[in-house]
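Just below is one structure, and these are the notes that go with it.
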Amino acid sequence: MDMMIEVQDLTKYYGPTLAISRLNFEVAAGEIVGFLGPNGAGKTTTLKILSGFLSPSSGTARINGRDCVTQSLEVRQSLGYLPETVPLYTDLTVTQFLRFAAQAKGVEAKAETTEMHRVMDACGLEAVQKTLIASLSKGFRQRVGLAQALMNNPPVLIFDEPTIGLDPSQIVEIRQLIKELAGAHTVILSSHILPEVSQLCQRVIIINRGQIVAGDTPENLSRQLGHGSRVRLTVQGPEIEVAAALQKIPQVQEVAGQGEGKFLVVAANDLDVRPQLARLVVERGWDLLELKAQEFTLEEVFLNLVTEEESEEKMEEES
Amino acid sequence: MKNVGSFTAVLRKELAVYFATPIFYITGFFFLLLGGYFFYSNTLYYSLVSFQAAQNPMLAGQLNPLQMVFRPLFATLAVVLLLLVPLLTMRLLAEEKKAGTAELLFTYPLTDWAIILGKFLAALLIYAIFLAVTLAYPLAFTALARLDWASLASCYLGLMLLGGACLALGLFASSLTENQIIAAVTAFALLLLFWIIGWQQEIGSPGWGGVFAALSMMDHFDAFIRGVIDTRDLVYYFSFIYFFLFLTKRQLESRRWRA
């Protein structure tokens, strides 16, 4: 398969601070790849290098076979980039700004208006085209940012946190839009949110403290990182008896008492055990105060990965 | 090459921003207010002298509106320019960095020269608009007296070149920082330096006096005001503009290597 993005031993220092350390990954043409990581992990730095905005300290990044540093202009011709903070020219109207984006990307004068309407239509901007960007809501600004990235239909798209700060319905719209880009475009996007990445991306690269800690399909990752489903519940009743009773439910794998009547119940094979739990508590005549399914969050996945790493390091040091 | 934007994209964008923000209107207003005031007071003085000349034929022979109204007017406008140019240029690159839009601008398929030329020419065009409005003064004057338009053209060429030099320096100052105030102060200080550097000659430092005078913006401008278009002055202004645009390019190139 053709590799659209090739990153080799990419390293970047900000002064003495190491931001990313010897990253290696590849993205095939038409693939959507998610970049996951906590703040300061190096996601944005990596994307900024790919976009040609920053130069790496060492290592190479190639897009479409061209080097991001020495052939920056050629790389930038095939790129649409949405920076993390969605910087926009707030003194301009949506149309003025998109016209600039079209001209800067070398859209032919004849095709300019058509192309502008295409991206405005794709991003739902037709209604606000005469509005000053300064007076747009966060959600619309995000769409303007996406629209400029899509301008001139570049084969490679880089989105840094495309859905951050949006309300849920906007998030759904933007995700839908990104999904539609798959196939015809190679997309690399960064995110904090595991479900988002698992919905959108064919492959996930998890990065922490400047290094890649995992890279696989979302299914494989969640299988590795979180097994079964978890329920948090709070019961008013004798704690030891409650724990014992919960343990007797066949689907329940593990019960962890956390004091003050709080329990964390782990069920096997992604089964929803909430009805059984509720019934049990009520039948026994205890009071059910809280019952809540708890998903594996990215933070936990990270905590897992990071703590695993740290304990390995410690063991190495000790031995 | 395919899909490469030209400097006209940047030029148009910068003009749109100028027209959308108050700074163009405010600086334009005060430039023309001051220009109008100086024109008025110079004309008043000229008419006073004209009345005296009615009784004194010797004096009448020396009456020259260019000499008495326009040369002092343009010399004063050049001082106003020194104050206004930093305000026109301060946001050109500093604001892009501060607002983060640099990240868009520098990831579009634009060469550094396209960005620099686009921004420089936009500022120059804004400045030319200000100057074009001052053409109203000599036009108003033609109702009263005959004017030497060739000499006036030389004055305007001088003002354009002086303005271009000041704007190139201002653009460079703006590339140094992300703070617009610092960009304006730096531009103002450097412009002032290139302005007064020629005074060295007058206080009589031997040897170097000539060098400083050759570097002075004002000494080269004076020739145009006198109606003399000298190749040396043209070369001075074009090299000055190129030098500072080149420094700006170097400054932009270095951005990638720093954080």
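As given, the protein sequences belong to chains A and B, one line each in that order.
Numbering (our numbering) for the first sequence: 1 to 319.
Numbering (our numbering) for the second sequence: 1001 to 1259.
Using N, Cα and C, we set each Cβ at its ideal position, and we do this for glycine too.
Assign residue i to one of two classes, buried (16 or more other C-beta atoms within 10 Å of its C-beta) or exposed (fewer than that).
i: P1057/B; result: exposed
i: I1026/B; result: exposed
i: M1001/B; result: Note on M1001/B: pLDDT 44, under 50, position unreliable in the model; no value is reported.
i: Y81/A; result: buried
i: T70/A; result: exposed
i: A1259/B; result: For A1259/B, the predicted structure reports a pLDDT of 46, less than 50, and the residue's modelled location is therefore unreliable. A value from the coordinates is still provided. Flag for A1259/B reads exposed.
i: F1029/B; result: exposed
i: Y946/B; result: There is simply no residue 946/B to check, as chain B begins at 1001 and stops at 1259 in what is shown.
i: S169/A; result: exposed
i: Q77/A; result: buried
i: V144/A; result: buried
i: A244/A; result: exposed
i: E1103/B; result: buried
i: R1071/B; result: buried
i: V33/A; result: buried
i: V1235/B; result: exposed
i: T114/A; result: exposed
Please name the residue in the options whose C-alpha comes closest to that of residue i.
i: Q236/A; options: I205/A, R274/A, M3/A and L288/A; result: L288/A
i: L200/A; options: L181/A, I207/A and G215/A; result: L181/A
i: L1169/B; options: S1239/B, N1064/B and T1008/B; result: S1239/B
i: E1096/B; options: D91/A, K138/A, A184/A and M4/A; result: D91/A
i: N1042/B; options: V1017/B, K1013/B, F1074/B and Q1062/B; result: F1074/B
i: L1044/B; options: M1068/B, T1021/B and L1034/B; result: M1068/B
i: L968/B; options: R1012/B, I1129/B and R1232/B; result: The first residue shown for chain B is 1001 and the last is 1259, placing residue 968/B beyond what the model contains.
i: N152/A; options: K130/A, V242/A and V119/A; result: V119/A
i: S1151/B; options: T1101/B, R1226/B, L1252/B and G1100/B; result: R1226/B
i: P238/A; options: K248/A, R203/A, W286/A and A19/A; result: W286/A
i: L1105/B; options: G1005/B, A1153/B and L1034/B; result: G1005/B
i: L132/A; options: F97/A, V242/A, R175/A and H117/A; result: F97/A
i: D121/A; options: A267/A, T45/A and L177/A; result: L177/A
i: A1263/B; options: M1090/B, P1065/B and R1012/B; result: Nothing can be reported for residue 1263/B, as the shown portion of chain B is limited to 1001 through 1259.
i: E84/A; options: A1099/B, L1093/B and F1070/B; result: A1099/B
i: A127/A; options: P154/A, V252/A and V94/A; result: V94/A
i: A1165/B; options: T1101/B, P1138/B, A1094/B and L1190/B; result: L1190/B
i: A1183/B; options: F1120/B, Y1108/B, A1009/B and P1086/B; result: P1086/B
i: G1036/B; options: L1131/B, V1235/B, A1145/B and S1175/B; result: L1131/B
i: Y89/A; options: P1138/B, F1212/B, T1177/B and T1021/B; result: T1021/B
i: L189/A; options: P162/A, L54/A and A109/A; result: P162/A
i: P218/A; options: A147/A, K43/A, H117/A and F35/A; result: F35/A
For residue i, collect the residues of the same chain with a Cβ closer than 6 Å to its Cβ; drop the 5 residues on either side in sequence, then sort them by chain order.
i: Y1127/B; result: G1163
i: T1076/B; result: F1038
i: V75/A; result: G52, I63, R66 and C68
i: T234/A; result: G261, K262, L289 and E290
i: T1186/B; result: A1173
i: F1244/B; result: A1168, L1169 and F1172
i: R232/A; result: L264, K292 and Q294
i: L1117/B; result: F1007
i: R1091/B; result: Q1180
i: Y13/A; result: S57
i: Y1018/B; result: F1024 and I1126
Am I right that residue i and residue j are in contact with their C-beta atoms under 8 Å? What's the rounded C-beta distance?
i: T17/A; j: S58/A; result: In fact, because the Cβ distance is near 15 Å, the residues do not count as touching under 8 Å.
i: A1123/B; j: L1088/B; result: 5 Å
i: L1167/B; j: L1082/B; result: Not really, about 12 Å apart at Cβ, beyond 8 Å.
i: G124/A; j: E173/A; result: 7 Å
i: V156/A; j: L79/A; result: 5 Å
i: F1221/B; j: G1158/B; result: 5 Å
i: R167/A; j: G139/A; result: According to the sequence provided, residue 167/A is Asp. The question's Arg does not apply to it. The pair is a contact, with the Cβ atoms about 6 Å apart (cut-off 8 Å).
i: C1155/B; j: F1224/B; result: 6 Å
i: Q251/A; j: V273/A; result: 5 Å
i: E254/A; j: V266/A; result: 4 Å
Counting only the same chain and skipping the five closest in sequence on each side, list residues whose C-beta sits under 7 Å from that of residue i.
i: R209/A; result: A41
i: Q258/A; result: L264
i: N1125/B; result: A small fix is needed here, since residue 1125/B is Leu in this sequence, not Asn. Result list for L1125/B: L1015, in chain order.
i: E31/A; result: T186, Q202 and R203
i: M951/B; result: Nothing about residue 951/B can be read from this structure; chain B reaches only from 1001 to 1259.
i: L1135/B; result: none
Please return the same chain residues whose Cβ sits closer than 8 Å to the Cβ of residue i, not counting the five positions on each side in sequence.
i: E112/A; result: R99, A102 and Q103
i: K130/A; result: T93, V94 and T95
i: A19/A; result: K12, Y13, G42, T45 and G210
Between residue i and the ligand FMN, is the CB less than 6 Å from at least one heavy atom?
i: R22/A; result: Because no ligand of any kind appears in the structure shown, any question about the ligand FMN cannot be addressed here.
Listed from N- to C-terminal order along the chain, which residues in the region 50-67 of chain A have their beta-carbon within a distance smaller than 7 Å of any beta-carbon of chain B? For the region 50-67 of chain A, which is checked against every Cβ of chain B, the residues closer than 7 Å are S51, G52, F53, L54 and S55.
Residues, ordered as in the chain, of the region 86-108 of chain A that lie near chain B by beta-carbon distance below 9 Å: The region 86-108 of chain A vs chain B, Cβ under 9 Å: V86, P87, L88, Y89, T90, D91, L92, T93, Q96, F97, R99, F100, A101, A102, Q103, A104, K105, G106 and V107.
Give me the subset of the region 1100-1123 of chain B whose CB atoms are less than 9 Å from a CB atom of chain A, sorted by chain position. G1100, T1101, A1102, E1103, L1104, L1105, F1106, T1107, Y1108, P1109, L1110, T1111 and A1114
Identify each residue in the region 1007-1029 of chain B for which the Cβ-Cβ distance to at least one residue of chain A is less than 8 Å, and report them in chain order. Those would be T1008, A1009, V1010, R1012, K1013, A1016, V1017, A1020 and T1021, in chain order.
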